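To convert, take the position in the sequence shown, counting from 1, and add 134; that gives the working numbering. Working notes, beginning with the structure itself.
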Amino acid sequence: MRADVIAIAVVFTFIAILVGALPAVTRPTLPLGVSVPAERLDEPVIRRAIRRYRVMIAIAWLLCMVLLAVLAVTASPAWVLLAVFLFIVAQLAAYVIARRMIIRAKRDGDWYAGVPVRIAGSVSVPAEPAPVPVGWAVASAVLLACGYIAGILLYPTLPATVPTHWGISGQPDRWADKSVWSVFGPLFIGTVVVALLFALSFLGRRVPIRALPGVDAATNVRRDHAMRAAMSALIGRVMFLIALSFSWTTLALWLLPDVAGLRAGGTVAIVVLILLVVVLFVLRWRSLMRGDAATVAAERAVHATVDAPDDDRFWKAGILYLNRDDPALFVQRRFGVGWTVNLGRPAGVVITVLVGLLIVGLVGFVLVQAVNGG
135 MRADVIAIAV VFTFIAILVG ALPAVTRPTL PLGVSVPAER LDEPVIRRAI RRYRVMIAIA
195 WLLCMVLLAV LAVTASPAWV LLAVFLFIVA QLAAYVIARR MIIRAKRDGD WYAGVPVRIA
255 GSVSVPAEPA PVPVGWAVAS AVLLACGYIA GILLYPTLPA TVPTHWGISG QPDRWADKSV
315 WSVFGPLFIG TVVVALLFAL SFLGRRVPIR ALPGVDAATN VRRDHAMRAA MSALIGRVMF
375 LIALSFSWTT LALWLLPDVA GLRAGGTVAI VVLILLVVVL FVLRWRSLMR GDAATVAAER
435 AVHATVDAPD DDRFWKAGIL YLNRDDPALF VQRRFGVGWT VNLGRPAGVV ITVLVGLLIV
495 GLVGFVLVQA VNGG
């Protein structure tokens with residue numbers, strides 16, 4: 135089997151493992167994105183639902199790996215991405231199917247009957263906002279600047295025709311006349327991506343994080359800061375590795391145009407580093423979620439506490455948030471890590487449509503490339 139397909143299979147397997155680990159990095163009172171009171175966290179149906187979710191993920195991974203192997207032999211390289219797309223669909227299906235077990239049990243057992251609830255949230259920006267990854271941004275800018283300087287020095291020595299596109303195998307399959315865009319285009323793109331990630335780190339200081347109900351304000355402030363710091367660190371490290379990836383790839387193409395193996399090796403090493411950063415973040419976030427569970431348990435052992443209200447009705451399939459009475463544009467994701475938009479706000483609808491169009495465009499581009507390549 136081709137080395138490029140093996141690399142895709144390895145990354146694909148890593149993604150499947152991360153997807154299977156999502157229940158472990160989700161708030162304890164939101165198993166598979168379903169609101170449950172803290173006193174019901176030990177219900178057997180919750181463990182069964184999470185186990186079923188992971189079994190379905192494993193089956194989907196196995197089937198998609200078989201499809202990946204078949205497509206690698208019978209179709210053009212771009213078609214192997216079809217297996218990844220189908221796995222994403224399968225993961226969403228597994229999530230929706232498994233969470234229904236908890237929803238039915240909660241409804242039939244009337245889990246929230248007599249449970250005191252209260253909405254808990256921050257109404258102001260914390261006094262000590264989470265740090266922005268300035269150091270990582272500076273390091274990223276230095277890497278990109280080195281790439282630009284090297285490009286300016288090497289530009290006169292580059293051939294009149296330069297490669298502009300490479301297949302999955304790493305071999306160039308398209309060329310263009312030497313110009314500022316054809317030579318520096320990848321660095322321009324890398325600069326834009328790094329700038330967007332740095333801007334995203336500022337947004338991470340403003341988006342809301344739901345406080346733990348029944349817990350004192352000081353504990354919630356510390357928790358808020360720890361979660362934002364974790365997200366900021368992730369963005370900073372990924373930003374640096376993306377800058378490293380674009381700079382290395384560009385320099386390797388200028389200096390080592392005929393050594394595809396070395397270029398591919400460097401790229402694989404950077405991908406491995408990115409995966410390692412993600413793993414470390416998942417472990418850090420999981421520790422925070424365990425801390426939440428321990429804090430709530432300690433509070434309940436000392437005195438009666440309240441739970442967050444059952445707001446499942448605002449979450450369509452546990453994925454899309456629609457609440458016209460909520461003024462927030464961004465809300466924490468129901469399942470996993472990060473934030474999503476409130477479709478009850480016009481701006482949320484606009485953002486969702488734009489992102490949807492971007493995804494459709496990317497999928498269409500890949501399919502066109504596959505058809506033209508095959």
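Ideal placement from N, C-alpha and C gives every residue a C-beta, glycine not left out. Bear in mind the structure is a predicted one, so any value in this text is a computation, not a measurement.
Rounded straight-line distance, which links the Cα of residue j to that of residue i
i	j	result
residue 275	residue 446	43 Å
residue 142	residue 353	43 Å
residue 336	residue 404	25 Å
residue 196	residue 186	15 Å
residue 380	residue 282	11 Å
residue 144	residue 267	30 Å
residue 140	residue 203	9 Å
residue 483	residue 493	15 Å
residue 156	residue 469	7 Å
residue 279	residue 295	24 Å
residue 311	residue 293	9 Å
residue 369	residue 339	12 Å
residue 495	residue 149	23 Å
residue 160	residue 272	32 Å
residue 199	residue 221	9 Å
residue 321	residue 413	27 Å
residue 284	residue 409	28 Å
residue 480	residue 487	11 Å
residue 424	residue 356	15 Å
residue 343	residue 360	11 Å
residue 215	residue 201	10 Å
residue 367	residue 401	22 Å
residue 443	residue 205	47 Å
residue 229	residue 407	29 Å
residue 464	residue 453	13 Å
residue 249	residue 176	16 Å
Helix, strand or coil at residue i according to DSSP, with G and I counted as helix
i	result
residue 289	helix
residue 576	Because residue 576 is not part of the residues shown, which for the chain are 135 to 508, the question remains open.
residue 221	helix
residue 465	strand
residue 451	coil
residue 308	strand
residue 245	coil
residue 353	helix
residue 147	helix
residue 383	helix
residue 471	coil
residue 441	strand
residue 170	coil
residue 413	helix
residue 341	coil
residue 266	coil
Rounded Cβ spacing between residue i and residue j (contact assumed at less than 8 Å)
i	j	result
residue 471	residue 152	The pair is not a contact, with the Cβ atoms about 10 Å apart (cut-off 8 Å).
residue 231	residue 165	With 8 Å as the limit, residue 231 and residue 165 do not qualify as a contact, their Cβ atoms being about 14 Å apart.
residue 490	residue 457	Not a contact, Cβ separation roughly 20 Å.
residue 377	residue 324	6 Å
residue 270	residue 362	The Cβ separation is near 15 Å, so there is no contact.
residue 224	residue 194	4 Å
residue 331	residue 373	4 Å
Residue i burial status per 10 Å Cβ neighbour count (16 or more: buried)
i	result
residue 147	exposed
residue 450	exposed
residue 219	exposed
residue 257	Caution is warranted here: a pLDDT of 42 is assigned to residue 257, below 50, making its placement in the model unreliable, and no coordinate value can be reported.
residue 171	buried
residue 333	exposed
residue 384	buried
residue 244	exposed
residue 419	buried
residue 208	exposed
residue 474	buried
residue 498	exposed
residue 261	With a pLDDT of only 49 at residue 261, under the threshold of 50, the placement of this residue in the model should not be trusted, and no figure is reported.
residue 189	exposed
residue 313	exposed
residue 315	exposed
residue 167	buried
residue 191	buried
residue 291	exposed
residue 233	buried
residue 277	buried
residue 421	exposed
residue 428	exposed
residue 154	buried
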